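Each remark here refers to the structure printed beneath this line.
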Amino acid sequence: MRFERVLSGVAAVLTAGMVCAAGGWGTPLQAQQASDWRFRSDPFAELWYHGMAVVGFAGFGRVPLYDASYAWSVASDRRSQGIEPTTLERERGSLQAVFTRDPAFEVLHFVPLYLADAPVDVALDAFDPLSVNSGGRADGRIAREVGALAEVIREPAQREALARFARALREERDVLASARTRGIDLEESGLEQLWRDVAAGPLADFLRRERLEGGWVTLTPALGPEGRFLERPSGSVVAVSASADTDPRAVVGAVVRELCYPPVRRALGPYESWFENRETVSDVSDQAATRCGALLLEAHEPDLLSAYRDRFGDTTSDAAFLSAAGFAPGVAALEQQLDEALRRELKLNPGSDRASPRPAGR
């Protein structure tokens, strides 16, 4: 998801904090093979993204960040059981308004990636109230991460809004435990074996070139088609949507798409001057990542293409991936050059080591 946003703007401080952090709850991922990605559920990530979906903090991109049907299903389950609206549901309108009008809160979409494996109570304690010293039960790693977040969420009103959200999430734990929307069963789905077959074979060269040989994939039903990606030297973190009804092939395709953001960033870099604002750059980046995933699967694992297209749309296999997605003609004019740049980055064309061409003009 929106790799540029991780490296710029409000999230830059957090990226620096994570790169410097050592230890923590996760197992260090060093000197791993291309298949050394671990799929797991993360209770804090599941709770956090559940809360974000209920609030409806959608962001500005074309690809949904959260599954709107998930939030509806949760509310419907609660009503069918005769349970009164939760604090988060009662305050969702005000929280949505606060989060939406302040760009600093865009970093909230990435919080579970920075706090991967943090115990739920420890993580929530750190946000209520948010402070540089975090206190409580936070160890050195989470204290550093929350301290970095405090450099982004600086104002008292911002911190109080975040504290309100964290307090409301405590109540949501019971709602989440009884929700009918369940995550994918890793053992029954065969997802991990499917990924190992793909990562250790067809995509091994790509993962090795990108230094993405190992990391964590967090699965949660609250996310929309747009996932999350955080690149870390000790093992990158990906979050994608997966429920009990999700095709495992589509999950693997979604992970491939998220891991496309580094080459997409390089391919898009020479052309960013074409766009008027960062929002458009981010939108184009997302669409290019979808195209990148399709190119990789088409070249190396075509059996996954149909499930990938079902998840992201038929335009993923079309070189007209910008105009078909509804971008304005001035933006869509870039698609041929960007498609060629992606192919070079993915080593799919003869002479793929040549430098990317510079745009002649708008």
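Numbers 114 to 475, taken from my numbering, label the letters of the sequence shown in order. All C-beta atoms, glycine included, are put in the ideal place defined by N, C-alpha and C. Predicted, not measured: the structure shown is a model, and the values here were computed from it.
| Check | Outcome |
| --- | --- |
| Using the C-alpha atoms, what's the distance from N462 back to L178? | 32 angstroms |
| How many Å lie between P225 and A270 at the Cα? | 22 angstroms |
| Put D234 into one of helix, strand or coil per three-state DSSP. | helix |
| Using only alpha-carbon positions, find the residue among S347, V397 and G206 that is nearest to G327. | S347 |
| DSSP three-state call for G314: helix, strand or coil? | coil |
| Could you round the C-beta distance between S354 and G382 to whole angstroms and report it? I think they count as a contact, below 8 angstroms. | Incorrect: roughly 28 angstroms between the Cβ atoms, too far for contact. |
| What number of angstroms, rounded off, separates the C-alpha of L299 from the C-alpha of G366? | 16 angstroms |
| Please tell me whether I255 and A279 are closer than 8 angstroms, where the distance is taken between their beta carbons. | no |
| Does DSSP classify V324 as helix, strand or coil? | Looking at the sequence shown, residue 324 is not Val but Arg. Coil, per DSSP. |
| Tell me the DSSP secondary structure of S207 in three-state form. | helix |
| Could you give the residue range of the beta strand (DSSP E) that holds V351? | S349 to S354 |
| Could you check whether the stretch 160 to 170 touches the stretch 196 to 205, counting it as contact only if at least three pairs of C-beta atoms, one from each stretch, sit closer than 8 angstroms? | yes |
| Is L409 closer than 8 angstroms to L316 when the C-beta atoms are compared? | yes |
| Taking 8 angstroms as the threshold (C-beta atoms), are F425 and E448 in contact? | no |
| Between A432 and D452, is the Cβ-Cβ spacing less than 8 angstroms? | yes |
| Can you tell me whether DSSP reads F319 as helix, strand or coil? | helix |
| For E458, count neighbouring Cβ atoms within 10 angstroms of its own Cβ and tell me buried if that reaches 16, exposed if not. | buried |
| Rounded to whole angstroms, how far is the Cβ of I266 from the Cβ of R257, which I believe are closer than 8 angstroms? | The Cβ separation is near 15 angstroms, so there is no contact. |
| Quick check on the DSSP output: the beta strand (DSSP E) that includes F425 runs from which residue to which? | F425 -> not in any beta strand (DSSP E); alpha helix (DSSP H) instead, spanning L418 to F425. |
| Secondary structure at E117, three-state DSSP: helix, strand or coil? | For E117, the predicted structure reports a pLDDT of 39, less than 50, and the residue's modelled location is therefore unreliable. A value from the coordinates is still provided. Three-state result, E117: helix. |
| Using CA coordinates, which residue listed in G172, Y162, D310 and H413 is at the minimum distance from A229? | Y162 |
| Would the beta-carbon of P376 fall within 8 angstroms of that of L320? | no |
| For R345, which three-state DSSP category applies? | coil |
| So, A102 versus R175, is the Cβ gap smaller than 8 angstroms? | Nothing can be reported for residue 102: it is not among the residues displayed for the chain, which extend from 114 to 475. |
| State the start and end residues of the unbroken beta strand (DSSP E) segment that holds R153. | D149 to R153 |
| Pull up the DSSP beta-bridge partners for G296, would you. | S356 |
| Determine the contact status of G406 and Y421, defining contact as a CB-CB distance below 8 angstroms. | yes |
| Alpha carbon to alpha carbon, how far is E371 from D190? | 31 angstroms |
| Please state the DSSP three-state secondary structure of V330. | strand |
| Quick one: residues in its chain with C-beta nearer than 7 angstroms to the C-beta of V55, no 5 flanking neighbours on either side, listed in chain order? | With the chain covering only 114 through 475, there is no way to say anything about residue 55. |
| Taking 8 angstroms as the CB-CB limit, is T428 close to chain B? | This model lacks chain B altogether, as it is built from one protein chain only. |
| For L336, which three-state DSSP category applies? | strand |
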